[in-house]
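Peer 1:
Numbering (my numbering), first residue to last: 104 to 504.
1. So, at 6 Å on beta carbons, what are the nonlocal neighbours of residue 307 in its own chain, with the 5 sequence-adjacent residues on each side left out?
2. Closer than 8 Å by C-beta to residue 389: which residues in its own chain qualify, once you throw out the five before and the five after it? Chain order, please.
3. What runs of the beta strand (DSSP E), each 3 residues or longer, lie entirely inside the segment 451–484?
4. Please confirm whether residue 499 and residue 461 have their CB atoms less than 8 Å apart.
5. Using the C-alpha atoms, what's the distance from residue 475 back to residue 277?
6. Assess, as a yes-or-no matter, whether the segment 417–437 is touched by the segment 184–200 under the definition of 3 or more beta carbon pairs within less than 8 Å.
7. Just to confirm, is the Cβ distance from residue 216 to residue 247 under 8 Å?
8. Using only alpha-carbon positions, find the residue among 147, 124, 199 that is nearest to residue 361.
9. Please state whether DSSP places residue 271 in a helix, a strand or coil.
10. Can you list, in chain order, the residues of its chain with a C-beta nearer than 7 Å to that of residue 260? Leave out the 5 residues immediately preceding and following it.
11. If I measure Cβ to Cβ from residue 399 and keep anything under 8 Å in the same chain, skipping five residues before and after, which residues do I get?
12. Assuming residue 333 contacts residue 294 (C-beta within less than 8 Å), just tell me the rounded distance between them.
13. Taking 8 Å as the threshold, find out whether the segment 452–470 comes into contact with the segment 136–144 through three or more Cβ pairs.
14. Assuming contact is defined by CB atoms lying nearer than 8 Å, are residue 195 and residue 167 in contact in what I supplied?
15. Could you tell me if residue 280 is buried or exposed, where buried requires 16 or more neighbouring beta carbons within 10 angstroms of its beta carbon?
16. For residue 162 and residue 131, I'd like the C-alpha separation in whole angstroms.
17. I'd like the list of long-range same chain contacts for residue 342, defined as Cβ closer than 6 Å, with 5 residues on each side in sequence excluded.
18. Specify the secondary structure class of residue 426 as computed by DSSP and reduced to three states.
19. Contact between the segment 362–378 and the segment 217–229: three or more CB pairs below 8 Å?
20. For residue 479 and residue 429, which I take to be in contact (beta-carbon distance under 8 Å), what is that distance rounded to the nearest angstrom?
21. Can you tell me whether residue 434 sits near the ligand FMN, meaning its C-beta is under 7 Å from at least one heavy atom of the ligand?
22. Which stretch, first to last residue, makes up the alpha helix (DSSP H) that contains residue 264?
23. Who are the near neighbours of residue 121 in its chain, counting only those whose CB is closer than 7 Å to its CB and skipping five residues on each side?
24. Under 8 Å Cβ to Cβ from residue 439, same chain only, skipping five residues before and after it: list those, please.
25. From residue 365 to residue 415, what does the alpha carbon distance come to, in whole angstroms?
26. Among all the DSSP beta bridges, which residues are the ones paired with residue 339?
27. If we count the other Cβ atoms within 10 Å of its Cβ and call it buried at 16 or more, is residue 106 buried or exposed?
28. How is the alpha helix (DSSP H) around residue 486 delimited, first residue to last?
29. Select from 492, 471, 442, 396 the residue whose C-alpha is nearest the C-alpha of residue 146.
30. How many Å lie between residue 485 and residue 443 at the Cα?
31. Exposed or buried, residue 451, counting other C-beta atoms within 10 Å across all chains shown (16 or more means buried)?
32. Please classify residue 224: does DSSP put it in a helix, a strand, or coil?
33. If you draw a straight line from the alpha carbon of residue 437 to that of residue 490, how long is it in whole angstroms?
34. If we count the other Cβ atoms within 10 Å of its Cβ and call it buried at 16 or more, is residue 299 buried or exposed?
35. Taking only three categories from DSSP, how would you classify residue 242?
36. On the CB-based measure, 16 or more other CB atoms within 10 Å of its CB, does residue 528 come out buried or exposed?
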């Protein structure tokens, strides 16, 4: 009898974590490596948020268990955020707080999916989506979205993908890994389809909501189409815009029966998110927001630099994304070529492996996100490193024959 569960055969380790670990190992061995694989801001958590956490510790508010899915103060802050920024009204009983957005997604799938239930996932997608669906017993239905469409699913593609078995449509805007973001008109076309299929629920991952550029206006499905409010789970968190990846706070608003089921699941897994992180998140959502715009100015400059330099590399084509802090260039023009060391590039995985070996630049292959040949770069790192990395990529591509 096998010791490990059969369910583990359905999933694989996170490729983004794997490339970050490999880059760390090479650095530890003395190699000059620039890691562009991790999806987290290089800015520190703002001081007012840190101080709120320290105050909670000193006042004894961080040393005890809290409500399983969030302290009342944080649920109130989340409700205020949804109302203020998205025009969505949620009662505290409609809000859940988890240990990062990842747990919120996982709880939702575990609470709703039965064997045979389908989840429509536009590709390229965040690497964890299909694995979480499969772990919960569901079936991911990947819909490939081309570079020409901005890596965005169209209404026609969505309509075609829906079957009687569809349980969820999962949307991530702005997107990890592409940075692509849906305009209000593009969302309206999708929500018009969803209104016609009342058995389909909508899960929207808005984690990069505040990271948008060039006057892009963010909207979320339940805001665009109020008819979907009762069957939409709107997920967000403090990780990206508030530079709090390590604090591990995600949250969502949605139908009360679903939120209750997710809380029950969380009560039998992790219980409450860390109390100190919850108090920090209260300050993040209620406190000053001005630093976000300042960070975005820097992110936009980095995006423009990376897009420009990558498009000067032989065989690389890099579109300009609307948001997040990723670019998703195609490396199709390099496939079939041979590196200076004599390795023939057959896949995007070959491309990223050889790039790391030859030039010490760590990126993630597009096939891990469901669409290759491509690779993802996170430009949430200092500008000098990005410039150096892009020069190395140009050199690597220039040496291909």
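Just so it is clear, CB atoms sit at the ideal spot from N, CA and C, and this is done for glycine as well.
Peer 2: In this structure, then:
1. As a working mapping, residue 307 is identified with position 204 in the chain shown. Result list for residue 307: 274, 323, 324, 337, in chain order.
2. Translated into the one-based positions of the chain shown, residue 389 becomes position 286. Hits under 8 Å: 180, 183.
3. Fully enclosed beta strand (DSSP E) runs of 3 or longer: 478–481.
4. As a working mapping, residue 499 is identified with position 396 in the chain shown. As a working mapping, residue 461 is identified with position 358 in the chain shown. Cβ atoms of residue 499 and residue 461: closer than 8 Å.
5. For this step, residue 277 is matched to residue 174 along the chain shown. For this step, residue 475 is matched to residue 372 along the chain shown. Residue 277 and residue 475: Cα-Cα distance of roughly 19 Å.
6. no
7. Position 113 of the chain shown holds residue 216. Position 144 of the chain shown holds residue 247. Contact flag unset, no.
8. Position 258 of the chain shown, counted from the start, is the residue given in the question as residue 361. With respect to the C-alpha of residue 361, the residue from 147, 124, 199 having the closest C-alpha is 199.
9. Here residue 271 refers to the residue found at position 168 when the chain shown is read from its first residue. Looking at residue 271 - three-state DSSP - the assignment turns out to be strand.
10. By one-based count along the chain shown, residue 260 stands at place 157. Scanning its chain for C-beta atoms nearer than 7 Å, with the 5 sequence neighbours on each side dropped, one finds around residue 260 the residues 246, in chain order.
11. The residue given as residue 399 occupies position 296 in the chain shown. The answer, listed in chain order, is 313, 314, 315, 316.
12. By one-based count along the chain shown, residue 333 stands at place 230. By one-based count along the chain shown, residue 294 stands at place 191. The pair is not a contact, with the Cβ atoms about 13 Å apart (cut-off 8 Å).
13. yes
14. Counting from one through the chain shown, the residue named residue 195 turns up at place 92. Counting from one through the chain shown, the residue named residue 167 turns up at place 64. No, the pair does not count as a contact, with Cβ atoms beyond the cut-off.
15. Walking along the chain shown from the start, residue 280 turns up at place 177. The residue in question, residue 280, is buried, as its Cβ has 16 or more Cβ neighbours within 10 Å.
16. Numbered from its first residue, the chain shown carries residue 162 at position 59. Numbered from its first residue, the chain shown carries residue 131 at position 28. Approximately 40 Å, taken between the alpha carbons.
17. As a first step, residue 342 must be located in the chain shown, where it is residue number 239. Once the five neighbours on either side are set aside, the close Cβ partners of residue 342 are 348.
18. Here residue 426 refers to the residue found at position 323 when the chain shown is read from its first residue. Strand.
19. no
20. Along the chain shown, one-based indexing puts residue 479 at 376. Along the chain shown, one-based indexing puts residue 429 at 326. Correct: roughly 5 Å between the Cβ atoms.
21. The model depicted lacks the ligand FMN and carries no ligand whatsoever.
22. For the purposes of this step, residue 264 is identified with residue 161 of the chain shown, where counting begins at 1. It spans 258–264 - the alpha helix (DSSP H) in which residue 264 sits, taken as one unbroken run.
23. Counting from one through the chain shown, the residue named residue 121 turns up at place 18. Result list for residue 121: empty, nothing under 7 Å.
24. For the purposes of this step, residue 439 is identified with residue 336 of the chain shown, where counting begins at 1. Correct list, in chain order: 447, 448, 449.
25. Counting from one through the chain shown, the residue named residue 365 turns up at place 262. Counting from one through the chain shown, the residue named residue 415 turns up at place 312. Those two C-alpha atoms are separated by around 48 Å.
26. For the purposes of this step, residue 339 is identified with residue 236 of the chain shown, where counting begins at 1. Beta-bridge pairing links residue 339 to 354.
27. Your numbering for residue 106 matches position 3 in the chain shown. By the 10 Å Cβ count, residue 106 comes out exposed.
28. Position 383 of the chain shown, counting from 1, holds the residue named residue 486. That run of the alpha helix (DSSP H) goes 486–501.
29. Taking the first residue of the chain shown as 1, we reach residue 146 at position 43. The shortest Cα separation from residue 146 among 492, 471, 442, 396 belongs to 396.
30. Residue numbering aside, residue 485 sits at position 382 when the chain shown is read from its first letter. Residue numbering aside, residue 443 sits at position 340 when the chain shown is read from its first letter. So the alpha carbons of these two residues sit roughly 29 Å apart.
31. Here residue 451 is taken as the residue at index 348 of the chain shown, counted from 1. Buried, by the Cβ-count rule.
32. Taking the first residue of the chain shown as position 1, residue 224 is located at position 121. Three-state DSSP puts residue 224 in a strand.
33. As a working mapping, residue 437 is identified with position 334 in the chain shown. As a working mapping, residue 490 is identified with position 387 in the chain shown. Their Cα atoms are separated by approximately 21 Å.
34. Here the question's residue 299 lines up with position 196 in the chain shown. Its Cβ having fewer than 16 others within 10 Å, residue 299 is exposed.
35. Numbered from 1 along the chain shown, position 139 holds the residue referred to as residue 242. In the structure shown, residue 242 sits in a strand (DSSP, three-state: E or B).
36. One cannot answer for residue 528 here, as it falls past the ends of the chain, which runs 104 to 504.
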